[in-house]
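*Asks:*
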Amino acid sequence: MLHFRAGQLAALQLRTRICNQCFGIIRTQPNGFRPTKSLQITSLRTLSLSSKHYSNVEPVVAAAKSVPPISDVTTTLSDISGSIVDPPFSELGLAAGWYPYHWIQSGLEMFYVNTGCPWWLTIIAGTCIVRLVTLPIYISTRKFLISMRNNMPMQQKLLERLREAKANGTAIQRMKAAQKLRDHMKTSGTGPIKSMFVNIPMPVLFISMIMAYRQMMTVPVPSLQATEFLWLQSLCSPDPYYVLPVLVGALTGLAIKLQMQQGMMAVPSATLQKFMGVAPFLPMVAVPLFIGHWPSGISLYMLINTVFTLSFVQLLSSEKVKEKLNFPVLSEVTKEKTSITSVWKDFYTDAKDKAAKKQEASELKSMEKKRAKARKKELKGPPPVTYAIGTEAIKKEHVPDFIAMWDSKPVNIYSRKKSSKQD
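When the letters of the sequence shown are read in order and numbered with numbering that gives the first Met the number 0, they come out as residues 0 to 422.
Laid out in structure tokens, this is it:
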């Protein structure tokens with residue numbers, strides 16, 4: 000116990016000596032004056048102040064030489080404050096589940112801890128890795144879109160026949176039209192189940208990445224909040240100048256325009272041809288309004304993701320790449336040059352015809368429902384009497400002679416009265 004208290008006393012004396020030296024150096028004036036009071040420890044419980052006078056400046060200079068320069072101290076303090084140690088993501092409530100965005104968060108944490116890259120570089124590298132890994136899925140999606148584009152005219156005809164059969168045809172005609180449509184989808188490989196499995200993975204991955212980044216920036220992760228990138232003070236705060244959202248919207252519109260030019264959208268009808276001139280400019284307005292208040296880290300991810308999409312679209316448009324990847328040949332569709340008035344007239348007539356057919360179909364359905372209700376009522380109650388029984392049947396069958404004569408030869412009563420008066 001005595002050794003422990005002696006060690007404590009020695010440590011306190013050493014700390015007090017260092018404080019006295021630093022205090023004297025900081026408060027030293029240019030003429031060599033320094034305070035005349037210094038701390039001196041007499042016991043553990045009490046600290047007494049004793050005055051100590053200096054007559055010359057030599058002890059002050061010697062003490063100043065023994066203390067390290069202030070510049071070195073400031074640099075070390077800045078280094079210590081700059082290196083932020085994050086707690087594990089599990090303690091922050093991140094990467095603590097089995098959903099896809101939890102896996103993405105654990106992967107980002109592993110990459111950041113093992114590589115030591117800043118968060119802006121981690122976001123860019125993670126986006127590049129994910130897009131390169133999912134490139135086969137993107138290629139299969141493009142192939143399916145081309146096959147859908149080639150089989151769309153025939154599929155539209157079969158759908159129109161099925162609508163007509165449902166509106167005006169019998170049950171057998173409806174069954175035949177539906178069977179033809181199913182056979183066409185099966186032979187062409189453009190069924191709804193296959194389209195679901197092909198088109199769902201990429202949107203699910205995109206939404207999962209956004210959810211992972213949004214949760215990380217909402218908590219937030221301390222090092223992610225302290226990360227600066229170009230003009231952005233923090234990746235957890237929105238872009239103050241809306242530069243990233245506008246770039247994302249412009250690149251998205253450019254990607255849509257390239258896909259329309261390559262014929263990757265639906266069959267270019269007259270309405271779609273007019274819409275093609277407006278579609279590329281819509282994301283430039285809609286995207287900044289929608290994601291402008293989001294953290295800038297999410298905007299950075301969306302920008303890199305859109306750049307990859309644009310580069311893939313441009314790469315897969317070359318004929319050599321299509322031949323190597325066995326892409327189906329895209330059939331050409333003749334584009335009709337129509338005016339705005341003709342487009343409006345066609346749209347109006349189509350809408351009118353569809354409304355009339357829909358009304359006819361609804362009337363037929365209502366009539367069928369009424370008949371079905373009447374049949375149910377007949378079956379629930381007693382059966383209706385459709386023939387006479389007993390004396391009523393005899394009365395109905397037997398007709399008296401005077402009634403038969405009256406019905407066969409009608410007699411004029413007024414003529415009989417006149418003849419009797421004459422007599």
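For glycine and all other residues, C-beta sits at the position ideal for the given N, C-alpha and C.
(1) Quick one: measure Cβ to Cβ for residue 208 and residue 300, integer angstroms, because I've assumed they're closer than 8 Å.
(2) Looking at the unbroken alpha helix (DSSP H) that takes in residue 119, where does it start and where does it end?
(3) Tell me whether residue 161 sits in a helix, a strand or coil according to DSSP, three-state version.
(4) Would you list, in sequence order, the uninterrupted beta strand (DSSP E) runs of no fewer than 3 residues that lie entirely inside the region 217-295?
(5) Keeping to the same chain, check which residues put their C-beta closer than 6 Å to that of residue 91; ignore five residues upstream and five downstream.
(6) Quick check: residue 287 and residue 252, are their CB atoms within less than 8 Å of each other?
(7) Alpha helix (DSSP H) containing residue 447: first to last residue?
(8) Look up residue 327 in the DSSP assignment and say whether it is helix, strand or coil.
(9) Quick one: is residue 88 buried, meaning 16 or more other Cβ sit within 10 Å of its Cβ, or exposed?
(10) Would you mind sorting residue 308 into buried or exposed? The rule is 16 or more other CB atoms within 10 Å of its CB.
(11) Whose CA, out of 194, 296, 246, 249, lies closest to the CA of residue 232?
(12) For residue 423, name the three-state secondary structure that DSSP assigns.
(13) To the nearest angstrom, how far is it from the Cα of residue 320 to the Cα of residue 211?
(14) Which residues in the same chain have their Cβ closer than 7 Å to the Cβ of residue 187, if we skip the five residues on either side of it in sequence?
(15) Using only CA atoms, which one of 140, 227, 101, 377 lies nearest to residue 199?
(16) Would DSSP call residue 381 helix, strand or coil?
(17) Report the residue from 154, 165, 164 whose alpha carbon sits nearest the alpha carbon of residue 191.
(18) Touch check for the region 168-181 and the region 108-127: three-plus C-beta pairs under 8 Å?
(19) Can you list, in chain order, the residues of its chain whose CB lies under 8 Å from that of residue 302, leaving out five sequence neighbours each side?
(20) Give the single residue among 135, 372, 152, 316 whose Cα lies nearest to the Cα of residue 184.
(21) So, is residue 238 buried or exposed, given that buried needs 16 or more other C-beta atoms within 10 angstroms?
(22) Quick check: the Cα distance between residue 160 and residue 220, rounded to an integer number of angstroms?
(23) Can you tell me whether residue 174 is buried or exposed? The criterion is at least 16 other CB atoms within 10 Å of its CB, across all chains shown.
(24) Reducing DSSP to helix, strand and coil, say where residue 115 ends up.
(25) Using CA atoms only, rank isn't needed, just tell me which of 305, 109, 362, 353 is closest to residue 163.
(26) Which residue from 376, 364, 381 puts its Cα closest to that of residue 170?
(27) Taking DSSP as the reference, what is the three-state secondary structure of residue 92?
(28) Skipping 5 residues on each side, what residues in its chain have a beta carbon closer than 8 Å to that of residue 83?
*Replies:* Taking the geometry as given:
(1) 6 Å
(2) 118-132
(3) helix
(4) none
(5) 218
(6) Cβ distance not < 8 Å, so residue 287 and residue 252 don't count as in contact.
(7) What is shown of the chain runs 0 to 422, which leaves residue 447 out entirely.
(8) coil
(9) buried
(10) Buried is the call here.
(11) 296
(12) Here the chain covers residues 0 to 422 and nothing more, so residue 423 does not appear.
(13) For residue 320 and residue 211, the distance between alpha carbons rounds to 34 Å.
(14) Result list for residue 187: 146, 150, in chain order.
(15) 140
(16) coil
(17) Each of 154, 165, 164 was checked against the Cα of residue 191, and the nearest Cα belongs to 154.
(18) no
(19) Taken in chain order, the residues that qualify are 243, 246, 247, 250.
(20) Closest option to residue 184, Cα to Cα, is 152.
(21) buried
(22) 58 Å
(23) Counting Cβ neighbours within 10 Å, residue 174 comes out exposed, since fewer than 16 surround it.
(24) coil
(25) 353
(26) 364
(27) coil
(28) Within the same chain, residue 83 has close Cβ partners 221, 222, 225.
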